[in-house]
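S.K.:
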Amino acid sequence: MTLFLVLTVLLSIVTFSVYNSLGGYTLYLTAFMWSPGFAAILTLKLTKRSLASLGWNWGDWRYQWESYLLPIGYVAAAYLIIWTLGLAGFPNHAFVERLTERYGLQGIAPAIVIAVHVIMTGSLGVVTYAGTALGEEIGWRGFLVPELAKHLSIPQVGLVAGLIWALWHVPLFLVGGGIDRATLLALACFTLMVLGLSMIMTWLRCVSGSLWTGVWLHASHNVFVQRIATPLTESSEGTDLWIDETGLILPLVVVALGLVYWRRAKSATPTNSPSPDK
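Numbering (our numbering), first residue to last: 7 to 284.
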C-alpha cells in the first residue's frame with residue numbers, strides 16, 4: 007500500500023502541476039483525477055499481482071442501482087432544505103435561459119426545460135462522468151479499500167480511506183492563492199462530505215465486491231451536484247455558506263446518511279469484505 011500512496015502522490019504532483027501552470031485545461035484535470043487509478047495499476051504490475059483484484063466484476067445489480075440512486079436522494083434532500091428555508095433561490099433564471107438555448111426549447115415552459123435537463127444530464131451525463139470517476143475509483147475503491155480491509159474493520163476502512171481521499175483533494179482548494187478563512191471553511195465542509203461518502207462507498211464496495219459501485223455513485227454525485235442542483239440555484243451574497251459541496255447543508259445530509267451506512271458496516275461479516283488478492 008505504501009508503494010501505491012507514493013505513486014499516487016508523485017503522479018498527482020506532476021499532473022496537477024501541468025493543470026495549474028498551463029491554464030487549467032479540462033483534460034489536464036482529467037489526468038490528475040486518473041492519478042490514483044494509474045498508481046493502482048502500476049502498483050499491481052510492479053508487485054506482479056493481478057489486475058482482477060481491483061474488483062471489475064459487476065456483482066448484484068441492486069448495489070449498482072443503489073449507487074446511482076443514492077446521490078439523487080441526498081442531493082434532492084439537501085437542496086430542498088436550502089430552497090425551502092430561503093437560504094438560496096430557485097431557479098437560476100439565467101441558467102434556465104442557457105439551457106433553453108442549448109436544448110433548442112425556445113417557447114417551452116421553464117419547468118419542462120428543467121425536467122429535460124435533469125433527465126438528459128442525469129442519465130447520459132452520468133455515463134460521461136463515469137469515465138473520469140473511474141480513474142479515481144480504480145485507486146480508491148478498487149485498490150485502497152481492499153488493502154485497508156486486510157487490517158481494519160469496514161467502518162475503520164471507510165474513515166481512513168475517506169481521510170486519504172479528502173487530503174488528495176486539498177491542492178484543488180489552493181489554486182489561485184493562499185488559504186483564507188473562506189477556504190478553510192470550504193475545505194472543512196468538503197472533508198466532512200467526503201468522509202460521509204467514503205463510509206457509504208466502502209460499504210457498497212465491500213458487500214458487492216465491485217468497484218463499479220464507486221464509479222456510479224461518484225459520477226452520479228458529481229452530475230447531480232455540479233451539473234444540476236448547484237447551477238439551478240440562484241446565488242446571492244451569503245449563499246456560498248449553504249450550497250454545493252463546500253457549503254454546510256449537503257455535507258451534513260451526506261454525513262447523516264453515512265452514519266446509517268456506518269451502522270450497516272459495523273454488522274457486516276468479514277466474508278463480505280473484498281478480497282484484494284483474488
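Beta carbons: idealized from backbone N, C-alpha and C, even for Gly.
Source: prediction; values computed, not measured.
Would DSSP call G183 helix, strand or coil?
M.R.: For G183, the pLDDT reaches just 49, beneath the cut-off of 50, and the residue's location in the model is therefore unreliable, leaving the point undetermined.
S.K.: What does the alpha-carbon distance come out to for the pair G148 and T127?
M.R.: 26 Å
S.K.: At which residues does the alpha helix (DSSP H) containing T112 begin and terminate?
M.R.: Position check: residue 112 holds Gln in this sequence, whereas Thr was assumed. Taken as a continuous stretch (DSSP letters only), Q112 belongs to no alpha helix (DSSP H), as it is neither H nor E.
S.K.: Alpha carbon to alpha carbon, what distance is there between E153 and G168?
M.R.: Each residue's CA atom was taken as its position, placing G168 and E153 some 14 Å apart.
S.K.: Less than 8 Å between the C-beta atoms of T219 and M207, yes or no?
M.R.: A contact, by the Cβ cut-off of 8 Å.
S.K.: Sort Y135, H123, A94, G145 by Cα distance to V32 and report the nearest one.
M.R.: Val is not the amino acid found at residue 32; the sequence shown has Thr there. Nearest of Y135, H123, A94, G145 to T32, Cα basis: Y135.
S.K.: Leaving aside the five residues before and after A37 along the sequence, list all residues of the same chain whose C-beta is less than 8 Å from its C-beta, in chain order.
M.R.: T21, V24, Y25
S.K.: Between W209 and A271, which are expected to be in contact by the criterion C-beta below 8 Å, what is the C-beta distance as a whole number of angstroms?
M.R.: Yes, they are in contact, since the Cβ atoms of W209 and A271 sit about 5 Å apart, within 8 Å.
S.K.: Mapping DSSP to helix, strand and coil, what is E142?
M.R.: helix
S.K.: What residue does the alpha helix (DSSP H) around N26 start on, and which one ends it?
M.R.: 8–27
S.K.: How close, in whole Å, do the beta carbons of I144 and L217 come, if the pair is a contact with beta carbons under 8 Å?
M.R.: With 8 Å as the limit, I144 and L217 qualify as a contact, their Cβ atoms being about 7 Å apart.
S.K.: Would you mind working out which of C195, R55, H99, H227 sits nearest D246, comparing C-alpha positions?
M.R.: C195
S.K.: Report buried or exposed for E142, applying the criterion of at least 16 other Cβ atoms within 10 angstroms of its Cβ.
M.R.: buried
S.K.: In the DSSP assignment, the alpha helix (DSSP H) including L33 goes from what residue to what residue?
M.R.: 32–39
S.K.: Here's the rule: buried if 16 or more other CB atoms are within 10 angstroms of the residue's CB, otherwise exposed. What is L140?
M.R.: buried
S.K.: Is the distance from the Cβ of L130 to the Cβ of V119 below 8 Å?
M.R.: no
S.K.: With DSSP run on the structure shown, which of helix, strand or coil describes E153?
M.R.: Correct three-state label for E153: helix.
S.K.: What span of residues does the alpha helix (DSSP H) with G79 cover, start to end?
M.R.: Per DSSP, G79 belongs to the alpha helix (DSSP H) from 67–90.
S.K.: Write down the C-beta distance between P257 and M199 rounded to the nearest angstrom, noting that I regard them as a contact closer than 8 Å.
M.R.: 4 Å
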